[in-house]
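*Asks:*
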Amino acid sequence: MSWAGGLYRVHIMACRCKQANQVDAECIGQVPGQRDREIGFIAFVAQSLNVGADTRRRDTIVAPRACRPFARDGMAYWRAWAGTCRGCLGGVNCSLYRTRIRYLNQFSKPECLDVSRLRAAACIGITRYPTSGVFMNDAYLSHVRTVLEQIRADGFYKSERVIASPQSSSIALADGAQVLNFCANNYLGLADDPRIVKSAKDGLDRDGFGMASVRFICGTQSVHKQLEAALASFLHTDDAILYSSCFDANGGLFETLLTEDDAVISDELNHASIIDGIRLCKAKRFRYRNNNIDDLQAQLQAADAAGARFKLIATDGVFSMDGIIADLKAICDMADRYGALVMVDDSHAVGFIGEHGRGTPEHCGVQDRVDIVTGTLGKALGGASGGYVAARAPIVELLRQRSRPYLFSNTLAPSIAYASLTVLELLRSDEGAALRRRVRENGAQFRRAMSSLGFTLIPGEHPIIPVMLGDAQLAGRMAEALLAQGVYVTGFSYPVVPKGRARIRTQMSAAHTPEQIEAAVDAFERVGRALNVI
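Anchor point for the sequence shown: position 20 equals 20 in the UniProt record's numbering, and the numbering is continuous, going up by one each time.
This is the structure:
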């Protein structure tokens with residue numbers, strides 16, 4: 001162990017019984033039954049590996065030689081010590097030692113040794129503390145480890161793979177591998193566009209790095225108001241309000257707008273942010289089967305029967321795990337029939353769905369019938385971060401006054417706001433139209449090729465194209481095998497998708513070339529045949 005003054009190794013660990021004031025192995029056995037009492041323990045620490053071991057209690061000794069292989073690495077040394085300790089005195093002693101390391105300076109008397117100030121050779125330190133918290137912490141950590149082990153065993157464990165390049169259709173991994181990227185939300189390929197990057201850099205020079213304040217104190221710059229106005233104009237709404245993420249936008253929406261007198265009717269496959277946002281509000285909650293208009297009607301009737309004052313239908317514009325576009329025309333028809341408001345999270349649509357990229361309301365011909373649109377700047381619109389709510393002016397004004405994530409979180413960094421303004425300008429141009437056309441063509445090419453090979457795809461026209469597998473462990477193995485073939489995709493399983501519905505979710509980008517799509521399909525064919533998927 002390295003403590004401030006140099007390298008020290010614990011050679012001996014023993015329990016000191018308070019009553020007998022001596023090293024006593026029997027005392028250790030009594031600890032679990034005396035969790036509310038204080039016990040002490042003693043550690044012999046030596047700077048030199050040649051210091052002899054204490055021999056008063058053979059069953060408490062850790063030979064110096066056992067420490068030698070682990071001298072360079074403190075964590076590895078602790079693991080070795082823990083294993084040796086269990087062989088001598090059991091898990092109790094290990095718990096005491098671990099707590100000693102964690103709380104180096106918690107001593108009950110001034111004359112007791114402060115381990116963090118060690119400078120010289122053999123020293124002895126005694127400390128006392130209540131054991132109840134120690135054992136409770138150990139029990140909880142043991143529970144957490146069991147949960148994690150089960151997640152791994154079920155094939156649901158999610159690992160983070162580090163990339164070492166800008167986000168693009170082809171990326172470098174931390175290990176140096178160059179792979180084709182088919183799992184990003186970079187639908188228009190703008191994440192590394194030089195013009196967007198330049199706008200962000202110019203924004204840094206102009207308005208600095210961060211705001212260090214929430215909006216209503218001193219955290220609003222002119223660029224934030226410009227971006228809100230630009231979003232409202234692009235989406236054909238009265239006004240818009242920025243959040244640090246769309247998760248925050250959805251999290252701060254329902255609680256602000258609805259009370260216990262109201263009702264929210266939510267699609268069963270809505271994004272987690274909608275689900276969590278609804279949980280935060282006091283409105284009556286009703287859930288309808290995915291994109292099922294008959295069930296939506298039944299839930300609207302149930303809300304009326306429950307005496308709801310106002311009703312709000314909440315749906316994703318595109319269901320992100322399936323790539324299915326919500327039937328917004330039928331939803332708006334039901335809303336009109338039952339006097340309900342309509343809210344759409346269009347995170348996976350704005351920028352590239354609809355003739356002008358205005359999302360699923362434009363695609364479905366109901367732009368003037370959707371009351372509230374939430375979305376993100378972290379996908380097609382540059383892929384950085386940030387969210388928004390676009391709606392009628394009184395709704396946005398109320399959100400500014402009472403939406404907690406807006407009131408109590410910093411808004412976007414100025415550089416992101418400047419870059420997002422550039423993205424919105426690009427979307428209105430001929431180039432924006434060309435990018436939308438290209439991502440549609442890429443999706444169609446991939447769907448045709450994969451279907452001809454016999455893969456099971458969820459039908460649709462969205463660039464989210466799930467390859468259905470069913471088994472969670474198979475999805476994980478297939479994703480790893482594809483990575484080895486130079487294609488980066490991700491397997492999704494419960495709880496992100498329902499049990500038994502595991503899949504590889506592929507996502508097309510306007511940045512993909514036809515050759516890259518062909519290469520990905522070839523890799524899917526090789527891996528699919530090897531794993532008996534096709």
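All C-beta atoms, glycine included, are put in the ideal place defined by N, C-alpha and C.
(1) Please identify the residue among Lys329, Leu280, Gly351 whose C-alpha is closest to the C-alpha of Val342.
(2) Should Pro361 and Gly203 be called a contact, given that it needs their Cβ atoms to be closer than 8 Å?
(3) Taking the beta strand (DSSP E) that Asp154 falls in, what are its first and last residues?
(4) Looking only at its chain, what residues have a beta carbon closer than 7 Å to the beta carbon of Asp207, apart from the 5 residues adjacent to it on each side?
(5) Hey, how far is the Cα of Phe408 from the Cα of Leu258?
(6) How many Å lie between Arg529 and Tyr157 at the Cα?
(7) Could you tell me the distance, in whole angstroms, from the CA atom of Pro459 to the CA atom of Ile324?
(8) Could you check what DSSP says for Arg337 in three-state terms: helix, strand or coil?
(9) Can you check whether the CB of Ser244 is closer than 8 Å to the CB of Ser385?
(10) Can you tell me where the beta strand (DSSP E) with Gly375 in it begins and where it stops?
(11) Determine the extent of the alpha helix (DSSP H) in which Asp207 is found, giving its start and end residues.
(12) Please report the distance separating the alpha-carbon of Gly189 from that of Ser169.
(13) With burial defined as no fewer than 16 other Cβ atoms inside 10 Å of the residue's Cβ, what is the status of Ile151: buried or exposed?
(14) At the level of alpha carbons, what is the spacing between residue 615 and Leu482?
(15) Closest to Cys364 by CA distance: which of Gly339, Asp522, Ile331 is it?
(16) Mark Gly251 as exposed unless 16 or more other C-beta atoms lie within 10 angstroms of its C-beta, in which case mark it buried.
(17) Buried or exposed: which applies to residue 535, given that a residue is buried once 16 or more other Cβ atoms fall within 10 Å of its Cβ?
(18) Below 8 Å on the Cβ atoms is my guess for residue 543 versus Val179; work out the distance and round it to an integer in Å.
(19) What residues are listed by DSSP as bridge partners for Gly387?
(20) Using only the alpha-carbon positions, how far apart do Ile171 and Asn181 sit?
(21) Closer than 8 Å by C-beta to Ala184: which residues in its own chain qualify, once you throw out the five before and the five after it? Chain order, please.
(22) In whole angstroms, what separates the C-alpha of Val521 from that of Pro495?
(23) Just to confirm before moving on: does the CB-CB distance between Glu228 and Asp238 stay below 8 Å?
(24) Determine the closest residue to Leu253 out of Gln299, Lys284, Ile395, with distance taken between C-alpha atoms.
(25) Between the beta-carbon of Ser326 and the beta-carbon of Thr315, is there less than 8 Å?
(26) Specify the secondary structure class of Phe408 as computed by DSSP and reduced to three states.
(27) Rank Ile217, Phe352, Arg505 by C-alpha distance to the C-alpha of Thr456 and give the top, closest one.
(28) How many angstroms separate the CA atom of Phe310 from the CA atom of Ile293?
*Replies:* In terms of the structure at hand:
(1) Lys329
(2) no
(3) Per DSSP, Asp154 belongs to no beta strand (DSSP E) and is neither H nor E.
(4) Gln221, Val223, Pro414
(5) 20 Å
(6) 25 Å
(7) 8 Å
(8) helix
(9) yes
(10) 372-376
(11) 194-207
(12) 7 Å
(13) exposed
(14) Any question about residue 615 goes unanswered here, given that the chain covers just 1 to 534.
(15) Ile331
(16) buried
(17) As shown, the chain starts at 1 and ends at 534. That puts residue 535 outside it, with no answer to give.
(18) Coverage of the chain is limited to positions 1 through 534, which leaves residue 543 absent and any answer about it impossible.
(19) Tyr243, Thr376
(20) 6 Å
(21) Gln167, Ala191, Gly383, Gln507, Ser509
(22) 28 Å
(23) no
(24) Ile395
(25) For the sequence presented, residue 326 should be read as Ala rather than Ser. The answer is yes: Cβ separation under 8 Å.
(26) coil
(27) Arg505
(28) 19 Å
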